[in-house]
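Numbering (full-length UniProt numbering), first residue to last: 1 to 1123.
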């Protein structure tokens, strides 16, 4: 009785804890959503459109008609004759010496005119200029070009009210250029407010700025770089911010001057905000990526970081912050330090849109050319030790050091004292309040410490020999120097800023080089496989291995059973422990499913110590947690069905017939429907992806026909998956800025973001911004995809409308959804949306009670291979939300069959090639978008009906292999990339008609009806659940493999080389009918093969002959297909 009572009580406690935790979690999300709703409700940029004017008002600054326009006037580019050798030499000299084209600068006037680029709203503000405090302007220079420095000063004097400039201090950081000595003194002697102070020795930019700041005599200090041009009205808005709040740092909008042509660019700066990643490298992020919204785009807005050279600050506040860290050397990171401590110590930073200062975009930093050491690393680690609290270990890992080393980086006791005196808060609070968009530093498989190999004695560690930059296994010394490694946020294997690099040029070899973090090459990115202990190159797909008893470290094809490839990580970060950094919920970029698992994991740990019955409780709770996230991977296929067909742009009547007469009888698992809701009423295929409302009258038919098709398909054993688009709404039509008509008759105004029948208004969308850098997750997910108004899914009301639309489809009998443009939406927003979906309908007994909708996420990026490569690592963010659809397989099989890669490439198809796990992957040979995407030469990236032979090989290989869930696109002929589906005389989609052989009549293609596809769908059904074994290839384009002892395939994708070899088939001895050449997957009337046959010897080998000229150059054998 006691045991039963204890069990009952413990189970009750567990349930209460679970329910309480989930309730708290959901309540927090609710509060966040309510806050966002209140922030964004009714706010729109539309009412400020009247203030948008041309950024260049040249008409107000016209020259007399008889005057020649001077070079660079009004920010125009300087025209140079680069064909002239002397000119080219002078341009090159300037770029090398100064980082910009000093020759072009010398051609311009030192008082060149610039247009008033402020928005009209800014010009209309009546600032109380007479009450603003004067400022000391500090400009540090070192070997600056003469004309550039003078132009900087004159732009201040010419465009600033005189009473606001207390003084201009030109701080010479011990320049060596002769023109910056007596000549400079003589020039500025006639300007009483300009003072030149000279450092007694070379201080470096950072200390020189402190030197100049301490010499100022005004209450406000304004820092400018020595290569800027101030525009009219630049200073007044900055001083207004300081006058209103003495602890606020005011930063101008920093426009760009091209370092080669000196052209003024005013388009970029107004759209960005300062930010950085975990190496503290400053960068510009799109304003739309930030969570905080402003109804007026021209008011000062918060920024978590500054570029550093241009800002205004109250002098006493700067002094309270300790100026800059005087232990910083030369240049770099001082901007991040001031950013962090200003927010942590009671201040804030804002960018002021009405203040416009143009800055030359340099090609390099001369300040760093003479540094002689990694001053960025030193300055970064000093900052981390003083200001980043428990997060500092993230930065130590980024630079591959075990801890702060004062013998290398200097003592920081004085800086810690500054922080104490200023009463500063924590770095965690800074992240939560000022920078909630900061990315989560945790990566799978992160570790730090020594690395040992399972094949060698534990006394040996992976060693980077600093003397000659070589790599071996050596006796562990415990010194945390040459044997100390970190696997960090950037997925490097890092030893004191030297990284292990997979060398493509040296025959897949290894080298140790300076860490470069080049995401495009990916040669220094590694994946630690937690389960197998392997360290795998993300670039090459091969694994780190030891040879010759540790004397050689090499790259080898990954084999999980090979002990030489198993690496044991250091004790500092064991396999089952992640970084100690605990991130606030709004800070992490991962989705809320992870938070659910974290909660379950913590409760499990709590239960471990309660009782001997903990095993039962752990299993119960684990099953509960797993049920929250696993259901969306179930396709709900009928037994024996595994393939999806995308009937692209088919009418519902034709889909209904196809399910009954072909897809059902031939074992297809599901049909994917093109978007079913109301879309733009146009003729392009892309119009199908321009939502207008959630009415169910689309191009393929009305709601009644849709419901009939879904019911018929379910009765035929074919599940229905609907492609849905809810990342955005329809963009304005080309050449029109007003109304657009939908397929159900709705009238919308995309330019005003007005969709009355959805209903959505401007307040339901993210602010307009373009995706310039897709690697920036905030810009990718908050900005507009190709000018399409981007719905703000963080708003509860927006999610409710989408959920209502999806639940309505579920009530019709839909099995799940293919979510278009999922990569452009935040994972936590998608999770919040998916959790509100209803279970699948039980009407008609199609789905068991409690079945959850299948979810497939489209994570392709416009079909661009380079972007696919750079975004691949982000697929993990979505892996718990549903099956992943990616263009990767289509590109790779296209490269193979179009002879850009050998077929041998697919020997490790799966996670070893960087793909998502097979149970989470949907793959395809092409899709409607990829069928239309060409390179610069007009050639397709993928195979299609244009080249039917390789297309059939690709389809057959996809269906023969076990990886992923295959989908076949059933397409139509087109003559241009935007052409929509075939239409009848009334402009409606034409019916699909069949010929006597059962194939579709042109212009419908219907790949799923090709005999090869039907037979290989059968092959996949028979071999389901078996592995890929005994892969064999010729190193190029002839391959073969078994599906355990159930099936065998061989492919000859060579152009003119016949495949003739004795291959191992894994099958028992006997005669087998060859499936591809057979009339069907059945024997003929006499019980014999209707096509070719293959004799398999008793040892499983068979003579295989495939002529390369065949239209279907492959064979397939099945254990069940024998005469």
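Even for Gly, the Cβ is constructed at its ideal location relative to N, Cα and C.
Report the three-state DSSP secondary structure of residue i (helix, strand or coil).
| i | result |
| --- | --- |
| residue 1102 | strand |
| residue 988 | coil |
| residue 1041 | strand |
| residue 806 | helix |
| residue 911 | helix |
| residue 523 | coil |
| residue 245 | coil |
| residue 262 | coil |
| residue 1008 | helix |
Do residue j and residue i count as a contact pair if the criterion is CB distance below 7 Å?
| i | j | result |
| --- | --- | --- |
| residue 1021 | residue 640 | yes |
| residue 271 | residue 287 | yes |
| residue 712 | residue 664 | no |
| residue 164 | residue 195 | no |
| residue 193 | residue 229 | no |
| residue 99 | residue 262 | no |
| residue 1119 | residue 1046 | yes |
| residue 424 | residue 345 | yes |
| residue 962 | residue 541 | no |
| residue 171 | residue 197 | yes |
| residue 235 | residue 160 | yes |
| residue 806 | residue 837 | yes |
| residue 275 | residue 343 | no |
| residue 497 | residue 515 | yes |
| residue 652 | residue 677 | no |
| residue 1127 | residue 278 | Past the boundaries of the shown model lies residue 1127; the chain is included only from 1 to 1123, so the question cannot be answered. |
| residue 1143 | residue 782 | The question about residue 1143 has no answer here: the residues shown for the chain are numbered 1 through 1123. |
| residue 1104 | residue 1063 | yes |
| residue 221 | residue 136 | yes |
My assumption, with CB atoms under 8 Å, is that residue i sits in contact with residue j. Please give the rounded CB distance.
| i | j | result |
| --- | --- | --- |
| residue 303 | residue 273 | 5 Å |
| residue 885 | residue 857 | 6 Å |
| residue 382 | residue 410 | 7 Å |
| residue 491 | residue 466 | No, residue 491 and residue 466 are not in contact; Cβ-Cβ is about 23 Å, not under 8 Å. |
| residue 446 | residue 461 | Actually they do not touch by this definition, with Cβ atoms about 18 Å apart. |
| residue 486 | residue 389 | That pair is no contact at about 19 Å. |
| residue 658 | residue 647 | 7 Å |
Between the options, which lies nearest to residue i when the distance is taken from Cα to Cα?
| i | options | result |
| --- | --- | --- |
| residue 495 | 555, 449, 261 | 449 |
| residue 291 | 476, 785, 767, 885 | 767 |
| residue 798 | 829, 996, 954 | 829 |
| residue 750 | 690, 800, 320 | 690 |
| residue 558 | 546, 550, 551 | 546 |
| residue 1004 | 1032, 1024, 974 | 974 |
| residue 335 | 314, 355, 310 | 310 |
| residue 350 | 253, 330, 941, 644 | 253 |
| residue 964 | 940, 264, 883, 811 | 883 |
| residue 920 | 269, 646, 633, 952 | 633 |
Could you check if residue i is buried or exposed, using at least 16 other CB atoms within 10 Å of its CB as the buried criterion?
| i | result |
| --- | --- |
| residue 850 | exposed |
| residue 1082 | exposed |
| residue 226 | buried |
| residue 981 | buried |
| residue 1068 | exposed |
| residue 392 | buried |
| residue 779 | buried |
| residue 82 | exposed |
| residue 378 | buried |
| residue 1053 | buried |
| residue 408 | exposed |
| residue 565 | buried |
| residue 1114 | buried |
| residue 463 | buried |
| residue 347 | buried |
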